[in-house]
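Novice: To start, I am sharing the structure in question, which I have written as structure tokens.
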Amino acid sequence: MTLTTTTTADRYTASEDQTVFAYTFRVDDSDHITVYVDEVLQASGYTVSNVGVDGGGNVTFTTTPRASGADAVVVSLIRAVPLTQSTDLPTTGAVDTASIEAELDRLVMRFQQLSEKLDRAALLPIDSTITGL
1 MTLTTTTTAD RYTASEDQTV FAYTFRVDDS DHITVYVDEV LQASGYTVSN
51 VGVDGGGNVT FTTTPRASGA DAVVVSLIRA VPLTQSTDLP TTGAVDTASI
101 EAELDRLVMR FQQLSEKLDR AALLPIDSTI TGL
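Residue numbers (the numbering used here): 1 to 133.
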């Protein structure tokens, strides 16, 4: 497969009765998406649909993340591919090109999620000589 988007995160302000939130990027495992409600990591209470689909899918909460009458909450869906490499290629014989393609996709996903983090970071100007922060 190829990666058709550089998107790695979606953020929503939840309406009072909303339980379904779209993610617009591919994840290859339901554990490769992190779900936050007002910056608090959610370990359970939701399901992830369309794993492996380029256009993404939905995160569906079992109950609304915003209590009735409560202030607005922000739901953040962020791709989080583990920083490990589990593909073991043979040193002799046939090589499974699908395995290579999948691992290359995971590498690009990791670069994209790093880029998303850098986009949120405070950076010094390119000509800065400040060190040791």
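Virtual Cβ for every residue (Gly too), placed ideally from N, Cα, C.
Going by CA-CA distance only, name the one from Thr24, Thr13, Thr6 and Thr5 that's closest to Val75.
Specialist: Residue Thr13 is the option with its Cα nearest to Val75.
Novice: Does the Cβ-Cβ distance between Val73 and Leu3 come in under 7 Å?
Specialist: No. Outside cutoff.
Novice: Excluding the five sequence neighbours on either side, which residues of its own chain have a C-beta within less than 6 Å of the C-beta of Tyr36, listed in chain order?
Specialist: Answer for Tyr36: Ser76, listed in chain order.
Novice: Would you call the segment 22-41 in contact with the segment 49-61, where contact means no fewer than 3 C-beta pairs closer than 8 Å?
Specialist: The answer is yes - the segment 49-61 touches the segment 22-41, with three or more Cβ pairs under 8 Å.
Novice: At what residues does the alpha helix (DSSP H) containing Arg198 begin and finish?
Specialist: With the chain running from 1 to 133 in the structure shown, residue 198 is simply not present.
Novice: Look at the alpha carbon of Asp105 and the alpha carbon of Lys117, and state the distance between them as a whole number of angstroms.
Specialist: Whole-angstrom Cα-Cα distance: 19 Å.
Novice: Just mark Pro82 as buried or exposed, buried being the case when its beta carbon has 16 or more other beta carbons within 10 Å.
Specialist: When all chains shown are included, Pro82 counts as exposed.
Novice: Relative to the C-alpha of Leu89, which residue among Arg79, Ile78 and Ala102 is closest?
Specialist: The candidate whose alpha carbon is nearest that of Leu89 is Ala102.
Novice: Work out the CA separation of Glu16 and Ser128 for me, nearest whole Å.
Specialist: About 46 Å.
Novice: By DSSP, does Asp31 sit in helix, in strand, or in coil?
Specialist: Asp31: helix per DSSP, three-state reduction.
Novice: If we ignore side chains and look at the alpha-carbon of each, how far apart do Phe21 and Val59 end up?
Specialist: The straight-line gap from Cα to Cα measures roughly 5 Å.
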